[in-house]
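Here is the structure we will look at, set down as structure tokens.
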Amino acid sequence: LDGTELAISESQERMAVVLDPADVKQFAALASEENLEATPVAVVTDKGRLHMDWRGDTVVDLSRDFLNTNGVTGRAKAVIAAPDPAKNYRVAVPAALRDMPLAEAFLENLRRLEVCGQKGLVERFDASIGASSVLMPFAGALQLSPEEAMVAKIPLEHGETDTATAMSYGYIPGVSCFSPFHGAVLAVMESLAKLAAVGADPANARLTFQEYFERLHDDPARWGKPAAALLGAFYAQKEMGVPSIGGKDSMSGSFNDLDVPPTLVSFALAMTKASVTGTACFQKPGSKIVLLPLPMHSETELPVFESARFLNSTIARLVREKKILSCGVVKEGGAAAVIAKMGFGNSIGAEIVAAGPSTLFAPLAGSFVAEVEDTSVLAGLNHTVLGFTTDDGLFKIGGKSIPVEEAIEAWLSKLEPIFPLRSDAAVQMEPEIPLYDRSSRRSPAIKAARPRVFIPVFPGTNCEVDTARAFERAGAEPEILVVKNLTAADIEETVLRIAQGVDKAQIVMFPGGFSGGDEPDGSGKFIATAFRAKRVREAVGRLLNDRDGLMLGVCNGFQALIKLGLVPYGEIRDIKPEDPTLTFNTLGRHISRMVYTRVVSSKSPWLSLCTPGNIHAVPISHGEGRFMADPETVRQLAENGQIAFQYVDLEGNPTGDIAWNPNGSACAIEGITSPDGRVLGKMAHSERRCDNCYGNVPGEKDQKLFEAGVRYFR
Numbered sequence: 015l016d017g018t019e020l021a022i023s024e025s026q027e028r029m030a031v032v033l034d035p036a037d038v039k040q041f042a043a044l045a046s047e048e049n050l051e052a053t054p055v056a057v058v059t060d061k062g063r064l065h066m067d068w069r070g071d072t073v074v075d076l077s078r079d080f081l082n083t084n085g086v087t088g089r090a091k092a093v094i095a096a097p098d099p100a101k102n103y104r105v106a107v108p109a110a111l112r113d114m115p116l117a118e119a120f121l122e123n124l125r126r127l128e129v130c131g132q133k134g135l136v137e138r139f140d141a142s143i144g145a146s147s148v149l150m151p152f153a154g155a156l157q158l159s160p161e162e163a164m165v166a167k168i169p170l171e172h173g174e175t176d177t178a179t180a181m182s183y184g185y186i187p188g189v190s191c192f193s194p195f196h197g198a199v200l201a202v203m204e205s206l207a208k209l210a211a212v213g214a215d216p217a218n219a220r221l222t223f224q225e226y227f228e229r230l231h232d233d234p235a236r237w238g239k240p241a242a243a244l245l246g247a248f249y250a251q252k253e254m255g256v257p258s259i260g261g262k263d264s265m266s267g268s269f270n271d272l273d274v275p276p277t278l279v280s281f282a283l284a285m286t287k288a289s290v291t292g293t294a295c296f297q298k299p300g301s302k303i304v305l306l307p308l309p310m311h312s313e314t315e316l317p318v319f320e321s322a323r324f325l326n327s328t329i330a331r332l333v334r335e336k337k338i339l340s341c342g343v344v345k346e347g348g349a350a351a352v353i354a355k356m357g358f359g360n361s362i363g364a365e366i367v368a369a370g371p372s373t374l375f376a377p378l379a380g381s382f383v384a385e386v387e388d389t390s391v392l393a394g395l396n397h398t399v400l401g402f403t404t405d406d407g408l409f410k411i412g413g414k415s416i417p418v419e420e421a422i423e424a425w426l427s428k429l430e431p432i433f434p435l436r437s438d439a440a441v442q443m444e445p446e447i448p449l450y451d452r453s454s455r456r457s458p459a460i461k462a463a464r465p466r467v468f469i470p471v472f473p474g475t476n477c478e479v480d481t482a483r484a485f486e487r488a489g490a491e492p493e494i495l496v497v498k499n500l501t502a503a504d505i506e507e508t509v510l511r512i513a514q515g516v517d518k519a520q521i522v523m524f525p526g527g528f529s530g531g532d533e534p535d536g537s538g539k540f541i542a543t544a545f546r547a548k549r550v551r552e553a554v555g556r557l558l559n560d561r562d563g564l565m566l567g568v569c570n571g572f573q574a575l576i577k578l579g580l581v582p583y584g585e586i587r588d589i590k591p592e593d594p595t596l597t598f599n600t601l602g603r604h605i606s607r608m609v610y611t612r613v614v615s616s617k618s619p620w621l622s623l624c625t626p627g628n629i630h631a632v633p634i635s636h637g638e639g640r641f642m643a644d645p646e647t648v649r650q651l652a653e654n655g656q657i658a659f660q661y662v663d664l665e666g667n668p669t670g671d672i673a674w675n676p677n678g679s680a681c682a683i684e685g686i687t688s689p690d691g692r693v694l695g696k697m698a699h700s701e702r703r704c705d706n707c708y709g710n711v712p713g714e715k716d717q718k719l720f721e722a723g724v725r726y727f728r
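Converting from the sequence shown to our numbering requires adding 14 to each position, the first position being numbered 1.
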């Protein structure tokens, strides 16, 4: 970068801090321990000027007084146009659905770009990182019901907490095109309603906004759109008693004669408790499905704010008390889309009665659809029973029956070509792998009440704290070492410290992440290269051969173990092309979701607290998790009890179906061990288990791997 670029560029990789001169040396030393560069770049003076030199030339020399003015003051005229009530998007049935029979409109609504499923996009982002996710993005056994808000526990280095944050957003482009003022008001209302739907109290929320408008030029009508939106947002804050505490830089969205719609997105954040968080996934057949509309003034088409506050707080309380079994918020797609999506996750059908097109398909932003056993819990709230949940797997509407599977296909098909959920790749499923229930009776030469766990952290590793906490809970004593590679001396020092760490430990753990950015040509190479250094290789040999120690690698750590040969061979060796490996998912992209895995073998000390056949729901997050081995190798691994886990469907059957084996692993293999079982590598993040996490996906979450590893040494 040249001087100008350094002066004005933004960067996610740089951070400026101001220090007392006496602290600079210590600060740089602490940064070095974290493998970070820390370079003094400026000195605070009393001269009242910002002065910057670049290679001997002055590139900036500005008065502090000028900087304090924030530049030249701009002025513009704004004309706010009155909206046409006849074009009120919030209460209108979308044009694409008008004049359609209800059942046909129900399916077509799910195919609309404004409504269709985004699962293939969402799964590209790590939803379980930090071992604190209370809700996965998609709920239910099928993980197909989108949740209304993100809920995550406060991150801790040690211990547990029930305190969580909830975050939601609100914005409907069509409403903002009708009226930027109304669009902003209803964006705020939608974001607050979504907090209520998961049990967080909207009255204690804080807001932050993102604005995005067309290039304004000197056109008063164009200036009127952001002016109206900001007035609407301010008005809603005032009336709801909820302040905005920040915002994202506004952006200009014009290209030639193309303009973005007036955009003000409201993000709402609130504190809540993980243990009382609700879901947007239908829980059981036989429940009543109820619409609770946002109270509105008929003349202004604005909320009755006092009634809205009462509605939101009551819904939040009923969700926390479990009197509302599940709750969704009406948005684009209307109540019909909410009902469909609430049913997808657990394949629960619905019979919809006494509801016309306006009730079902208009985007009545800020309204609720709730699942209740008894409508008496809604006393004092205006509500309409739309129907009830069923166990026949059908959506019944307008005298027609639509299978849930057909509705799911309509909802997911729109974006399948862009963000795929399916793959045509063939998955090897032979030979069949039997359960192996012969446990190893081997015990370590040296016992330890609190075994030491050595956790090396390479550039790109991101699961070390979760891993350390999991071992700490189990009774071990974890030690994290940040690997340094900024200089040749750093690398030499790191190799020595890794060898020393292995020699002091009873357990070596490779945590997950993206070491070296998964480059070049695949993941785990950086870790494998470091552990092939003679000094480290010998230390690993002493751990496994002299002290009967254990090793565990999860995700990126599994990739490193298999590249070293530690699985399946139990020693560091050169890898041949025909050896088992992990490669790119058949979808060709990152996948983050929960998977169901079956315990196959009890041979490993890591599996001593499991029984073959046990099934667990565990999060995955990887782009290279497809296990590959030829059938003969798989047969040998199975005969020796080295296959630890397999991906299974809801019936517990290993499968090549991408819905349950999302990376396309041969014989659905998720984890394998060394011949004696003391080295275990697996893709699913067992360390991310925590109390009240992932509760919207059913299944046992605790594999007790870490407790088993600690017990081995006692």
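Note that beta-carbon positions come from the ideal geometry of N, C-alpha and C, so glycine has one too.
For G359 and C295, believed in contact at Cβ under 8 Å, the rounded distance:
In this structure C295 touches G359 by the C-beta definition: roughly 4 Å separates them, less than 8 Å.
Helix, strand or coil at I329 [DSSP, three-state]
DSSP places I329 in helix when its eight states are reduced to three.
Using the three-state DSSP reduction, which class does W68 fall into: helix, strand or coil?
The answer is strand: DSSP assigns W68 an E or B state.
Straight-line gap, L719 to L332 (C-alpha atoms, nearest Å):
Distance between the alpha carbons of L719 and L332 is about 37 Å.
Should the region 581-592 be called in touch with the region 682-692, which here means at least 3 C-beta pairs below 8 Å?
Yes, since at least three Cβ pairs between the region 581-592 and the region 682-692 fall closer than 8 Å, the two stretches touch.
What residue range is occupied by the uninterrupted alpha helix (DSSP H) comprising P194?
Membership of P194 in the alpha helix (DSSP H) is indicated by the continuous run 194-211.
Do R692 and M565 have their CB atoms nearer than 8 Å?
Contact: yes.
Can you find the residues in the same chain that come closer than 6 Å, C-beta to C-beta, to V93, ignoring five residues on each side of it along the sequence?
Counting only Cβ-Cβ distances below 6 Å, and skipping sequence neighbours, we find P234, A235, G238.
Residues near G713 by beta carbon distance below 6 Å, same chain, minus five either side:
Within the same chain, G713 has close Cβ partners A631.
Whose C-beta lies closer than 7 Å to the C-beta of E507 among residues of the same chain, with five residues either side of it excluded?
K498.
Do the CB positions of G563 and Q520 come within less than 8 Å of each other?
It is a contact, given that the beta carbons lie within the stated cut-off.
Do you know offhand how far T328's Cα is from I366's?
Here the alpha carbon of T328 sits roughly 25 Å from the alpha carbon of I366.
N-terminal and C-terminal residue of the alpha helix (DSSP H) that Q514 is part of:
Run containing Q514: 502-518, per the alpha helix (DSSP H) assignment.
Alpha-carbon to alpha-carbon, V279 and K355:
Cα to Cα, K355 sits roughly 22 Å from V279.
Check whether the Cβ atoms of K298 and A178 sit closer than 8 Å, and answer yes or no.
No. Outside cutoff.
Under 8 Å: do the region 102-110 and the region 437-445 share three or more Cβ pairs, one atom per stretch?
The region 437-445 and the region 102-110 do not touch, with fewer than three beta-carbon pairs separated by less than 8 Å.
First through last residue of the beta strand (DSSP E) which encompasses L15
Per DSSP, L15 belongs to no beta strand (DSSP E) and is neither H nor E.
Three-state secondary structure (DSSP) at E320?
The answer is helix: DSSP assigns E320 an H, G or I state.
Candidates P309, I447, A95, S361: closest to N396 by CA position:
If we check each option's Cα against that of N396, P309 comes out closest.
Does DSSP classify S427 as helix, strand or coil?
Annotated three-state conformation of S427 is helix, per DSSP.
I need the boundaries of the alpha helix (DSSP H) containing R220, first residue and last residue.
According to the DSSP assignment, R220 belongs to no alpha helix (DSSP H) but to the beta strand (DSSP E) extending over 220-227.
Which value, in whole angstroms, describes the spacing of the CA atoms of A673 and C477?
In this structure, the CA atom of A673 is about 25 Å from the CA atom of C477.
Hey, is the region 584-602 in contact with the region 631-642, meaning 3+ C-beta pairs nearer than 8 Å?
The region 584-602, when compared against the region 631-642, does touch it at the 8 Å Cβ threshold.
Quick one: which unbroken alpha helix (DSSP H) runs of 4-plus residues sit fully inside the region 372-446? Chain order, please.
Segments of the alpha helix (DSSP H) lying fully in the region 372-446: 418-427.
Since S301 and L339 should fall inside the 8 Å C-beta cutoff, what is the C-beta to C-beta distance between them, to a whole number of angstroms?
S301 to L339, Cβ: 6 Å. Contact.
Just verifying my parser: in three-state terms, what is the DSSP assignment at S606?
DSSP, read as helix, strand or coil, puts S606 in strand.
Measuring straight from C-alpha to C-alpha, what distance separates G723 and G154?
If you draw a straight line from the Cα of G723 to the Cα of G154, it comes to about 31 Å.
If P633 and G571 are in contact, beta carbons under 8 Å, what's the gap, nearest whole angstrom?
Taking the Cβ atoms as the reference, P633 lies roughly 15 Å from G571, outside the contact range of under 8 Å.
So, I259 versus T222, is the Cβ gap smaller than 8 Å?
Result yes, Cβ atoms of I259 and T222 sit closer than 8 Å.
Reduced DSSP secondary structure (H/G/I, E/B, other) of F545:
Helix.
Report the rounded CA-to-CA distance for S618 versus A484, giving the unit in angstroms.
Using only the alpha carbons, I get a separation of about 19 Å.
Who are the Cβ neighbours of M164 in its own chain at under 6 Å, not counting the five residues just before and after it?
Within the same chain, M164 has close Cβ partners M181.
Counting only runs that start and end within the region 253-280, where is the alpha helix (DSSP H) found for 4 or more residues in a row?
Those alpha helix (DSSP H) runs which fall completely within the region 253-280 and span 4+ residues do not exist here.
Given V613 as reference, the closest of F528, P448, E646 once Cα atoms are compared
For the options F528, P448, E646, the alpha carbon positioned closest to that of V613 is the one of P448.
Residue(s) in a DSSP beta bridge with P470
Its beta-bridge partners are L495.
On the premise that M254 lies in contact with V202, defined as a C-beta separation below 8 Å, what is that separation, rounded to the nearest angstrom?
That pair is a contact at about 7 Å.
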